[in-house]
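Residue numbers (the numbering used here), protein chains in the order written: chain U, 1 to 180; chain S, 1001 to 1180. Ideal Cβ placement from N, Cα and C applies to all residues, glycine included. Inspection log for the structure reproduced underneath, given as structure tokens.
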DNA sequence: GCGTCCATGTAAATGGTTACATGATTAT
DNA sequence: ATAATCATGTAACCATTTACATGGACGC
């Protein structure tokens, strides 16, 4: 999904400024699969304007640049629906942590364990946050995606715990050697 | 991870041609987190050559371009180790399927169910392939990453099955209406 | 004083995808 | 016949990241 479609996806749920779009992509329910910086959002919004897929209104503020509230147009909704009609591409997972652990033999001693502990902690936090989210009002699509996400994150935490011993064998050996 | 580091990661496990590097990234144990086309691999290899991180030997073949077998140098190994010493960036998951399902309300009727079934099937196949893989000879890092991957894919298949009903409510309603 | 939140935007640099160019062999 | 496999590489294009530019308010 390019940033233009991402923006339409946010705006179809309600009007927002560029700044707010970024926040929603970071904190909202889409946060898990999307990311975009200002350097891609603002130009994307510019292109959407040019194509008539969004309109905007300026709200002047004191001591700050004018806030531009964007709103999706009927054409924008049509374009978004069209984008949704494509075949979805294959999922892509980029995990530098797992890449590094894969090459554990080339890592400094103990580094794999460090990476893995941070990894587990990251997902433990995300899973905890998701567990307390209230989705009673949310549409089916939101609840489905949330459920899949939560299952994945819990599976990661669980799997890391179950397999961590694979990476600490040399540490254990050292510990044993010290005991003697 | 940029493609240069990916190439070094493949070559550190054994010499290979550009073509073979791509195959290993697609089929090998790294396939889950990496992807690279020829358009990025060949230039990357060129840069690695220029920096002295790999050497190569040409093997002439009949009816085909000469095959260039690349081998990592000591400098290359050092550079790879250095790349592994960085802090790993956050994982990034790009899932157009889940993005689309999130916006189920804007999808054509029945389309969400189609996407979800294909999604489940994709991961069911990957999970099956992983379950039969033989890793008895593999180093700890490989086994760890494999185990995490397998857990994730199984969790997805499972979670899709448990939550599919969320998306077929309107279908059920239609079925009920037809029965009457 | 320092960091963070608010708020917009541009420009350069990076990096990757896609399409093209070439062409023999083998399997369906 | 047609597609896939093997094999390399370039060039145009596209998108995104990063850094820069500006600046007030507010909490620590």
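Contacting residues, own chain, Cβ-Cβ under 7 Å from residue i (five flanking each side not counted)
i	result
residue 97 (chain U)	115 and 119
residue 1164 (chain S)	1116
residue 1006 (chain S)	1025, 1034 and 1036
Element boundaries [alpha helix (DSSP H), containing residue i]
i	result
residue 57 (chain U)	Counting along the chain, residue 57 (chain U) falls outside any alpha helix (DSSP H), though it belongs to the beta strand (DSSP E) covering 54-59.
residue 34 (chain U)	First-last for residue 34 (chain U): undefined, no H or E at that position.
residue 39 (chain U)	38-50
residue 1020 (chain S)	1018-1027
residue 1009 (chain S)	1003-1011
N-terminal and C-terminal residue of the beta strand (DSSP E) that residue i is part of
i	result
residue 1092 (chain S)	1092-1094
residue 69 (chain U)	67-72
C-beta neighbour in chain U for residue i, strict 8 Å
i	result
residue 1096 (chain S)	yes
residue 1088 (chain S)	yes
residue 1120 (chain S)	no
residue 1084 (chain S)	yes
residue 1180 (chain S)	Any answer about residue 1180 (chain S) is weak, because its pLDDT of 47 lies below 50 and its placement is not dependable; what the coordinates show is given next. No, because no Cβ of chain U sits closer than 8 Å to the Cβ of residue 1180 (chain S).
residue 1112 (chain S)	yes
Residue-level contact to chain S via CB, residue i, 8 Å cutoff
i	result
residue 40 (chain U)	no
residue 115 (chain U)	yes
residue 81 (chain U)	yes
residue 109 (chain U)	no
residue 126 (chain U)	no
residue 152 (chain U)	yes
7 Å Cβ cut-off: residues of chain U touching residue i
i	result
residue 1218 (chain S)	Since the first residue of chain S shown is 1001 and the last is 1180, residue 1218 (chain S) is not available in this structure.
residue 1148 (chain S)	98, 156, 159, 160 and 163
residue 1072 (chain S)	By Cβ distance, chain U contributes nothing, its closest Cβ being about 11 Å from residue 1072 (chain S), past 7 Å.
residue 1145 (chain S)	98, 101 and 102
residue 1035 (chain S)	92
Heavy atom of the ligand NAP within 7 Å of residue i beta-carbon
i	result
residue 66 (chain U)	For the structure depicted, the ligand NAP is absent and the ligand set is empty, with no information on it obtainable.
Interface partners of residue i on chain S, CB under 7 Å
i	result
residue 140 (chain U)	1104, 1166, 1167 and 1169
residue 9 (chain U)	1103
Neighbouring residues, chain S, relative to residue i (Cβ below 9 Å)
i	result
residue 129 (chain U)	Neighbours of residue 129 (chain U) on chain S: none; closest Cβ ~15 Å, over 9 Å.
Sequence-distant residues of the same chain with beta carbon closer than 6 Å to residue i, five excluded per side
i	result
residue 1140 (chain S)	none
residue 1180 (chain S)	Note that residue 1180 (chain S) has pLDDT 47, beneath the 50 cutoff, so the model's placement of it is unreliable and no number is given.
residue 71 (chain U)	15 and 55
residue 1156 (chain S)	1123
residue 143 (chain U)	135
8 Å CB neighbourhood of residue i in its chain, flanking five on each side removed
i	result
residue 138 (chain U)	29 and 146
Secondary structure, alpha helix (DSSP H): runs of 4+ residues fully inside the region 86-162 of chain U: 96-102 and 111-131
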